[in-house]
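So the protein lines, in turn, are chains A and B. Anchor point for the first sequence: position 25 equals 24 in numbering that gives the first Met the number 0, and the numbering is continuous, going up by one each time. Anchor point for the second sequence: position 120 equals 119 in numbering that gives the first Met the number 0, and the numbering is continuous, going up by one each time. Contents: one structure, followed by commentary.
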Amino acid sequence: MDTDEELYRRTRAGEMDAFDALYARYEVPLFGFLLAQLKNRQDAEDLFHQAFMNALTSREPELGVGGFRPWIYRIARNLALNRMRSQRRADHAIAALPEIDVAKSPHDELERERRTHALALAVARLPPSLSDVYQLRASGLSYKDIAAVLEIPLGTLKSRMHELVTHLRKELTSWTAR
Amino acid sequence: MDCSLIAEELVAYCFGTCTDPTRLAFENHLLECGDCLRAYLALKRELEIGPAGGERPSPALRERLRADVAARFGRPRVRWFERRIPLYQGLAAASIAAALALVLPSAIDDLRERSNDRSGAVIDTSRSIPESSTIY
Numbered sequence: 000m001d002t003d004e005e006l007y008r009r010t011r012a013g014e015m016d017a018f019d020a021l022y023a024r025y026e027v028p029l030f031g032f033l034l035a036q037l038k039n040r041q042d043a044e045d046l047f048h049q050a051f052m053n054a055l056t057s058r059e060p061e062l063g064v065g066g067f068r069p070w071i072y073r074i075a076r077n078l079a080l081n082r083m084r085s086q087r088r089a090d091h092a093i094a095a096l097p098e099i100d101v102a103k104s105p106h107d108e109l110e111r112e113r114r115t116h117a118l119a120l121a122v123a124r125l126p127p128s129l130s131d132v133y134q135l136r137a138s139g140l141s142y143k144d145i146a147a148v149l150e151i152p153l154g155t156l157k158s159r160m161h162e163l164v165t166h167l168r169k170e171l172t173s174w175t176a177r
Numbered sequence: 000m001d002c003s004l005i006a007e008e009l010v011a012y013c014f015g016t017c018t019d020p021t022r023l024a025f026e027n028h029l030l031e032c033g034d035c036l037r038a039y040l041a042l043k044r045e046l047e048i049g050p051a052g053g054e055r056p057s058p059a060l061r062e063r064l065r066a067d068v069a070a071r072f073g074r075p076r077v078r079w080f081e082r083r084i085p086l087y088q089g090l091a092a093a094s095i096a097a098a099l100a101l102v103l104p105s106a107i108d109d110l111r112e113r114s115n116d117r118s119g120a121v122i123d124t125s126r127s128i129p130e131s132s133t134i135y
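Okay, here's the thing in C-alpha cells:
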C-alpha cells in the first residue's frame with residue numbers, strides 16, 4: 000500500500016487514481032476535524048477543498064517535517080482559525096449542540112444521549128489551545144503528529160494533554176459518577 | 000484499584016496520559032469489572048466516532064475537487080492519431096507495412112491453391128495458359 004507521501008507525489012504527477020486513494024483516506028477524518036471546528040457544513044466543505052488544493056499546489060511541500068498527514072492538518076487548522084477569527088468559537092459551539100428530546104427516548108438511549116451531550120458540552124467549553132489538542136487527538140493523530148500540526152514541542156503537547164484530561168474529568172462527572 | 004478510582008482515571012486512560020503503574024492497574028480492573036469496562040467502551044466509542052460523528056463531505060465536493068485537481072495536474076488525453084512517435088518507430092512501421100503489402104497477396108494466393116488441391120477441385124484445362132505462365 001502506498002504511503003500518503005507517495006500518493007501525494009503521484010497526484011502531482013497527474014495520476015488521478017492516486018488522488019482518489021488520498022481523498023478516500025482523508026475525507027472522513029479531515030472533514031470531521033474541520034466540521035468540529037467550524038460547526039458549519041458549507042464552511043467545512045469550502046475549507047476542505049481549499050486545504051487539499053493548497054497542499055497540492057504548494058511550491059515547497061513540507062513533507063520532510065512529519066510527513067503529509069500533520070502537514071495537511073496544519074493547513075486545515077490555519078484555514079479554520081482564519082475563518083473563525085470573527086466568530087465567538089465557544090458560544091457558537093455550545094449553540095450548535097443538539098437538544099435531547101427526553102419524552103421520546105427510551106431509557107438506555109436517553110442515558111447514551113446524555114453522555115454524548117455531556118462530552119460534547121465538555122469539549123465545547125474547552126479553551127482554544129486545548130480544543131485543538133482534543134480535535135486532533137479525536138481525529139486519530141498521534142502525539143508526534145499533533146505536535147507537528149500545532150508546531151509545539153512534544154513536552155508542551157504532553158502538558159496540554161494533561162490539562163485537557165483534567166478539564167474533561169471535571170466536566171464528565173455524569174459519565175463516571177457511581 | 001476500585002471502581003471510584005477507575006472513574007477518576009477513565010479520561011486519562013483514553014487519552015494516554017496515565018502513568019504505567021496506573022495503566023496496568025486500570026487494565027487489570029477492567030478485566031474483572033463489567034460496569035467499568037462498559038463505561039470505558041462507551042467513552043472510547045464516542046471518541047473514536049470523532050468530533051463530527053464520522054461525517055463525510057458531499058459527493059458534489061468530491062467531484063469539484065477532483066475536477067480542479069485534474070485540471071491542474073491531470074495528464075491531457077491525446078487521441079491515437081495525434082500521438083507523436085519517434086522517427087525510427089515510424090520508419091520501422093512503414094517498412095513492415097510495405098513488406099506485408101508485397102508478400103501478403105501472393106501468400107494468400109498460395110494458400111488458396113493448396114486448399115483447392117486438397118479439396119479435389121477439378122482443374123480446368125480448357126483454358127489457355129497465359130504466355131507469362133508458360134515454362135520453356
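Glycine included, every Cβ here is placed at the ideal spot set by N, Cα and C.
Between the segment 0 to 7 of chain B and the segment 25 to 37 of chain B, are three or more C-beta pairs nearer than 8 Å? Touching, per the Cβ criterion.
CB contact check: Glu-26 (chain A) to chain B, cutoff 8 Å: The C-beta of Glu-26 (chain A) comes closer than 8 Å to at least one C-beta of chain B.
Applying a beta-carbon distance threshold of less than 8 Å, which residues of chain A neighbour Glu-62 (chain B)? Neighbourhood of Glu-62 (chain B) in chain A, by CB distance below 8 Å: empty, with the nearest CB roughly 11 Å away.
Asp-67 (chain B) versus chain A: which residues are under 8 Å apart at the beta carbon? Simply His-48, Met-52.
Could you give the uninterrupted runs of the alpha helix (DSSP H) lying entirely in the segment 16 to 86 of chain A, keeping only those of 4 residues or more? At a cut-off of 4 residues, the continuous stretches assigned as alpha helix (DSSP H) that sit fully inside the segment 16 to 86 of chain A are 40 to 56, 67 to 83.
Please decide whether Ala-20 (chain A) counts as near chain B, where near means a Cβ-Cβ distance under 8 Å. False, the Cβ-Cβ gap to chain B never drops below 8 Å.
Could you check what DSSP says for Met-160 (chain A) in three-state terms: helix, strand or coil? If DSSP states are grouped into helix, strand and coil, Met-160 (chain A) belongs with the helices.
Ordered along the chain, which non-local residues of its own chain (more than five positions away) have a Cβ less than 7 Å from that of Arg-113 (chain B)? Hits under 7 Å: none found.
Using a beta-carbon distance below 8 Å, is Gly-33 (chain B) in contact with chain D? Judged by its chain identifiers, the structure shown contains no chain D, and its protein chains are A and B.
Let's test the definition: count the other Cβ atoms within 10 Å of the Cβ of Leu-80 (chain A) and tell me whether it reaches 16, buried, or not, exposed. Burial is judged here by how many other beta carbons sit within 10 angstroms of a residue's own beta carbon; Leu-80 (chain A) has fewer than 16 and is exposed.
His-161 (chain A) CB to nearest chain B CB: under 8 Å? At least one chain B Cβ lies under 8 Å of His-161 (chain A).
Residues near Val-132 (chain A) in its chain [Cβ-Cβ closer than 8 Å; skip 5 each side]: Excluding sequence neighbours, Val-132 (chain A) sits near Ile-145, Leu-149, Leu-156, Arg-159, Met-160, Leu-163.
List, in chain order, every chain B residue whose beta-carbon is nearer than 8 Å to that of Val-148 (chain A). Counting only Cβ-Cβ distances below 8 Å, Val-148 (chain A) has no contacts in chain B at all, with the closest Cβ about 14 Å away.
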